[in-house]
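Okay, structure first, notes after.
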Amino acid sequence: MITGASGGMIGAAFYRELILRKERGLIKDKNDPIYKEMLGKDLLNKLSFSASTSDLFMRYKQMEYNGRKYTQERGAQFEKQLHQNLKNYLEHPLGYYKNPELNSEIPLMIFSPTIINDGRRMLMSSQNLSFLIQDNESTSYENIDFQTFFSSSNPQEIRFSSVLRANATFPMIMPMMGMPTIPEMQLMDSGIRDNYGGKVTVDYLFALSEWIKNNTSGVVIIEIRDTKRIMENEHYKEISLLDKVFLPFGNVYRNFTRTQDLDQEQLMKLCSESFDFPFEKITFNLREDYNERISLSWHLTKREKQKIGLAFESNENQRALHRLKTLLTPNVKKETEVSF
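When you number the sequence shown by this note's numbering, it's gap-free, plus one each residue, and the end is 362.
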């Protein structure tokens, strides 16, 4: 199962599509460098142009998809550019992936955009996820299953790129995505509630814990982060008089992801104490040093792309890779260690 937030899920969805195409003989090598180049192409310029010319003030253009007309805004331009960059590899309805997921040709993907109206989460997938919301003992009022809630609106026909966009709708950069309800439900980036997919992952594991216990040898969670939890060369400065005025307000924003990290650490601890099967999390970090900055943008410079490529070679990420290989390789002693 793959879950997460923002642009990372777009990259994951593209790689999953390459896996499916390789299995079906449509491409030769899913790791061909050309796909990395396609995914790294600019997405920001058309988005900015659309916002500056018409989107912010008057939305008069329309677009047609699957026989229906919709108001065109910068989110639609983002999807259009994404499809151009990726040669329409992801130009499918959501339901296109239902059978490949059921047949285990590809991993299940769960998207969880935030519902701005009330702060809950919309769990979006080609599969029915009602088992994550209600069981024999309790009901979760935090999540809404997309397939069940919109069952009368042909939920499998929604454009897959629109689901990706809803999951990556960062405030101010992209517009909220409206859903066909009264009053209109507005969706935004899943990172507002679950920046690394930890909450969805824990819900998934608890819902399937008995099956996992009886049918597997355990669970490995691979966490891929843009920023290390505690970075090297990070320091705190003395709080000035001016800071005392603005810090209470700015603190919420600056520690937004850190607060989620602390909450999810508690969730992972709960998992390790609750499950009757082996459970381990392996973390890979893009940014490890406080002084090394990479913009979280739809436009990356050549230097930033090089930094991303080199990040995997860091000592910490290589140790994580070795540990992952050890866990996934049968007949290998789990206590094996290696130094870099």
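Cβ atoms here follow ideal geometry from the backbone N, Cα and C, with glycine treated the same way.
Among the residues of its own chain, which have a CB less than 7 Å from the CB of residue i, if the five just before and after it don't count?
i	result
L42	P122, E127, I128
T358	Low local confidence applies: a pLDDT of 41 at T358 is under 50, so the model's placement there is unreliable, with the coordinate-based value given in what follows. Same-chain partners within the cutoff: T348.
L322	G62
Taking the alpha-carbon positions, what's the residue i to residue j distance?
i	j	result
S319	L66	8 Å
T223	T25	7 Å
A98	T351	44 Å
F192	K52	29 Å
M31	N189	8 Å
N313	T136	31 Å
Y57	Q103	16 Å
E116	A34	At residue 116 the sequence reads Leu, which differs from the Glu that was named. Each residue's alpha carbon lies about 15 Å from the other.
L284	S296	19 Å
R143	Q328	35 Å
G29	M60	14 Å
V360	L292	In this prediction, V360 has a pLDDT of 38, which is less than 50 and means its spatial position is unreliable; nothing more can be read from the coordinates.
S184	P197	12 Å
I49	L40	8 Å
D225	Y163	13 Å
L108	R325	22 Å
D64	W233	43 Å
K44	L308	27 Å
T366	G89	This structure cannot speak to residue 366, because the chain is shown only from 23 to 362.
P177	E254	45 Å
P55	G331	12 Å
G141	M199	14 Å
F172	Y37	28 Å
N165	R315	34 Å
What did DSSP end up calling residue i once you bin it into helix, strand or coil?
i	result
L130	coil
L154	helix
L145	strand
K221	helix
Y163	coil
L346	helix
G200	strand
G33	helix
V360	Residue confidence for V360 is low, a pLDDT of 38 falling below 50, so the modelled location carries little weight and cannot support an answer.
P55	helix
E301	For the record, residue 301 in the displayed sequence is Phe; it is not Glu. It is a strand residue.
L292	helix
N307	strand
M60	helix
T351	coil
R46	coil
Q94	coil
E206	coil
Y111	coil
Y226	helix
E232	helix
E314	coil
Using beta-carbon positions only, say whether residue i and residue j come within less than 8 Å of one another.
i	j	result
E310	K250	yes
M201	I132	no
E113	H105	yes
Y119	S148	yes
F100	R187	yes
G220	L289	yes
Q84	N139	no
F299	T203	no
S134	S231	no
Which same chain residues, not among the five before or five after residue i, have their C-beta less than 8 Å away from its C-beta?
i	result
Y87	R181
I304	V242, I243, I244, E245, A342, R345, L346, L349
P205	N139
K91	Q84, M85
Only counting the same chain, and skipping five residues up and downstream in sequence, which positions put a Cβ closer than 6 Å to that of residue i?
i	result
D167	L145, L151, S152, I155
N217	A27, T279, Q282
R247	N307
M210	T136, I138, T191, M198
N339	F306
K214	Looking at the sequence shown, residue 214 is not Lys but Ile. T136, listed in sequence order.
Output the residue ranges of the alpha helix (DSSP H) runs that lie fully inside the segment 234-258 and measure 4 residues or longer, sorted by chain position. none
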